[in-house]
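Numbering (the working numbering), first residue to last: 36 to 618.
By construction, the Cβ of each residue, glycine as well, lies at the ideal position given by its N, Cα and C atoms.
These notes concern the structure reproduced below.
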Ligand code: XMP
């Protein structure tokens, strides 16, 4: 499908959120690198330039083809996008006296075009330090806030607009109306997008690509691979679609049974569970370093998958590979292409690379975002408990079960106790691996928590203490490895947390909730639990979510009943500087 709107990616997750919102308004949009030449955008009804973490004065920062701004195609710049328009067209961008992060009151001085139907003061969401201090010649200032003199600007004849705030986030209630005005009034877009209505077309596409060949999948049990598999099943019939699920032993409680039952319900005939639990546990025995764990798991996956590919003759010409790749996975954005290695994700299997190289692959969901995949899944009649699942990392619980060879005692500081267990973080786009600070009392707000991590260079993460069986001075970090016992303990506590989150409704308020086991305790109770609920858009950045006090209390009480548990902590660290997973 030809997109009507292209979102030029000036960095990170912002562009995807914008494209998703445009699609929610019924207009097909795609994301492209910010420097895409105007010739490649000629058919577009409009262009949106995303926000980004850079400053336009930084020589490394993303820029765009200036000809786009002279092409007559309507353009809306958001945050960094507005600054880029100002910078390229002769306005002034300067460093603000202070940053503006969070809610701001927008004072509108113009209520036409993109602000049609929106009047007076509006609450908006800001996240910037640089700002446009003088709009370019020919532009009108359309709105300001207390700290931001040009919170919106526009040139009606040239159809160029900019906003400093973020209309794409839920915290800007008038944001949807602004995007809608831009799409339909300024660009003249038409509604052409309804993912749930695409099911029959996707099935037809699958039949065309497959031809006489059958399809096999490695399924994870997650939303994407299940929806992709179901589409193929409907397109070709159960006899022609095989699915294999590898049980690594690093899965959550009841997961393998859940997946097995689900695939049976879908009508899958050729669905196999391969039990590789001993393989994985054996390979990980005695390993404590997070990156080594990830490499070992990646290599094991390669080995197991290669064996299956060869054993089942999937590499001969009668088969193609199905995968649940979704739209954000397909895009090489500037940000991720240049990114420092924070964590190693799964390697690609050689046999799979061969199939991809030969074009023997089908990925029915590469056009869709996660929420659209869910809409397709609902259309296919898949169960809500399957579609609303939180994301779960490939290496599974192995990266939530922290290991060490050392004995060490918590250290007292003026802010709280330093727990000598290291976790991975990301600061200034680089990987960190540092101990954790357990505060005496949780900070009043997120900003205070962030300030503590920024001030101290010896930690990259902070936690609050819900309960411990002894005073912190009596607890020790002691040698602990990835054993079947510890995995079972982690599975148990994870299942308890999940049960209480579902029954309290908290599960719906968060994006993901890792539960982490750390080797801190006393000999009779060698481990503690860290709760890490986060809110996020796509995992690139995340906000730590506070657990309601009653729920935290209920979780802590029940976890302390589990054999071997000495304490319960809750993670208060945003990403950055923490990562979502501890390893
Ligand atoms: P981090 O810990 O990097 O996690 O902040 C961001 C998101 O990615 C998930 N994650 C993974 N997913 N394979 C995956 O498929 C992996 O190796 C992996 N590591 C982290 C994590 O759960 C979070 O949603």
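Cβ shell of residue i (< 8 angstroms), same chain only, five flanking positions each side left out
| i | result |
| --- | --- |
| residue 514 | 439, 440, 441, 442, 554 |
| residue 311 | 281, 282, 283, 284, 335, 339 |
| residue 432 | 285, 286, 287, 522, 525, 526, 529 |
| residue 615 | 547, 549, 567, 569, 571, 574, 577 |
| residue 368 | Per-residue confidence for residue 368 stands at a pLDDT of 45, beneath the threshold of 50, marking its modelled position as unreliable; the derived number appears in the next sentence. Once the five neighbours on either side are set aside, the close Cβ partners of residue 368 are 44, 46, 47, 50, 66, 68. |
| residue 580 | 544, 545, 568, 569, 570 |
| residue 79 | 38, 39, 40, 41, 108 |
| residue 601 | 503, 504, 505, 510, 555, 556, 557, 560, 561, 562, 563 |
Cβ distance (whole Å) where residue i is taken to contact residue j below 8 angstroms
| i | j | result |
| --- | --- | --- |
| residue 46 | residue 89 | 6 angstroms |
| residue 635 | residue 400 | Any question about residue 635 goes unanswered here, given that the chain covers just 36 to 618. |
| residue 41 | residue 64 | 7 angstroms |
| residue 397 | residue 241 | 6 angstroms |
| residue 224 | residue 81 | 7 angstroms |
| residue 301 | residue 344 | 23 angstroms between Cβ atoms; not a contact. |
| residue 470 | residue 493 | 7 angstroms |
| residue 149 | residue 249 | Between residue 249 and residue 149 the Cβ distance is about 51 angstroms, and since that is not below 8 angstroms, they are no contact. |
| residue 290 | residue 256 | 6 angstroms |
| residue 305 | residue 277 | 4 angstroms |
| residue 120 | residue 52 | Wrong, their Cβ atoms sit about 19 angstroms apart, outside the cutoff. |
| residue 258 | residue 408 | 6 angstroms |
| residue 182 | residue 135 | 5 angstroms |
For residue i, the first and last residue of its enclosing alpha helix (DSSP H)
| i | result |
| --- | --- |
| residue 538 | 519 to 539 |
| residue 299 | 290 to 301 |
| residue 212 | 210 to 215 |
| residue 336 | 325 to 346 |
| residue 306 | Premise fails: residue 306 lies in the beta strand (DSSP E), 305 to 310, not in any alpha helix (DSSP H). |
| residue 585 | 584 to 595 |
| residue 384 | Note, residue 384: premise wrong, no alpha helix (DSSP H); not H, not E. |
| residue 111 | Segment 110 to 113 is the beta strand (DSSP E) holding residue 111; no alpha helix (DSSP H) there. |
| residue 578 | Looking at the DSSP string, residue 578 is not in any alpha helix (DSSP H); the run it does join, the beta strand (DSSP E), is 577 to 579. |
| residue 560 | Element bounds for residue 560: n/a, residue is neither H nor E. |
| residue 490 | 481 to 490 |
| residue 364 | 362 to 365 |
Span of the beta strand (DSSP E), counted from its first residue to its last, around residue i
| i | result |
| --- | --- |
| residue 469 | 465 to 474 |
| residue 132 | 127 to 143 |
| residue 571 | 569 to 571 |
| residue 249 | 249 to 253 |
| residue 278 | 276 to 282 |
| residue 196 | 195 to 198 |
| residue 270 | Run containing residue 270: none in the beta strand (DSSP E); it sits in the alpha helix (DSSP H), 258 to 271. |
| residue 242 | Element bounds for residue 242: not the beta strand (DSSP E) but the alpha helix (DSSP H), 234 to 245. |
| residue 52 | It is not in any beta strand (DSSP E) - residue 52 instead sits in the alpha helix (DSSP H) that spans 49 to 59. |
| residue 65 | 64 to 68 |
| residue 498 | 496 to 503 |
| residue 100 | Taken as a continuous stretch (DSSP letters only), residue 100 belongs to no beta strand (DSSP E), as it is neither H nor E. |
| residue 553 | 550 to 553 |
6 angstroms CB neighbourhood of residue i in its chain, flanking five on each side removed
| i | result |
| --- | --- |
| residue 115 | 45, 86, 87 |
| residue 145 | 177 |
| residue 172 | 125 |
| residue 452 | 445, 473, 507 |
| residue 466 | 377 |
| residue 202 | 210, 213, 214 |
| residue 603 | 501, 502, 564, 591, 594 |
| residue 374 | The predicted position of residue 374 is uncertain, since its pLDDT is 48 and thus under 50; a value taken from the coordinates is nonetheless stated next. Closer than 6 angstroms at the Cβ level, and outside the excluded window around residue 374, lies no residue. |
| residue 612 | 460, 462, 488, 495 |
| residue 50 | 42, 44, 66, 85 |
| residue 190 | 173, 174 |
| residue 187 | 177, 178, 198 |
| residue 598 | none |
| residue 475 | 451 |
| residue 55 | 404 |
| residue 252 | 264, 278, 357 |
Residue i CB to nearest heavy atom of the ligand NAD below 7 angstroms
| i | result |
| --- | --- |
| residue 388 | The ligand NAD is absent from the structure shown, which contains only the ligand XMP. |
Same chain, Cβ closer than 7 angstroms to residue i, neighbours up to 5 away in sequence not counted
| i | result |
| --- | --- |
| residue 372 | With a pLDDT of 42 at residue 372, under the threshold of 50, the modelled position of this residue cannot be trusted; read the value that follows with caution. So no residue of the chain qualifies. |
| residue 468 | 457, 459 |
| residue 326 | 379 |
| residue 122 | 91, 128 |
| residue 138 | 158, 160, 206 |
| residue 558 | none |
| residue 485 | 609 |
So within the segment 415 to 466, which uninterrupted beta strand (DSSP E) runs reach at least 3 residues, ignoring any that extend past its ends? Complete beta strand (DSSP E) runs here, min 3: 451 to 462.
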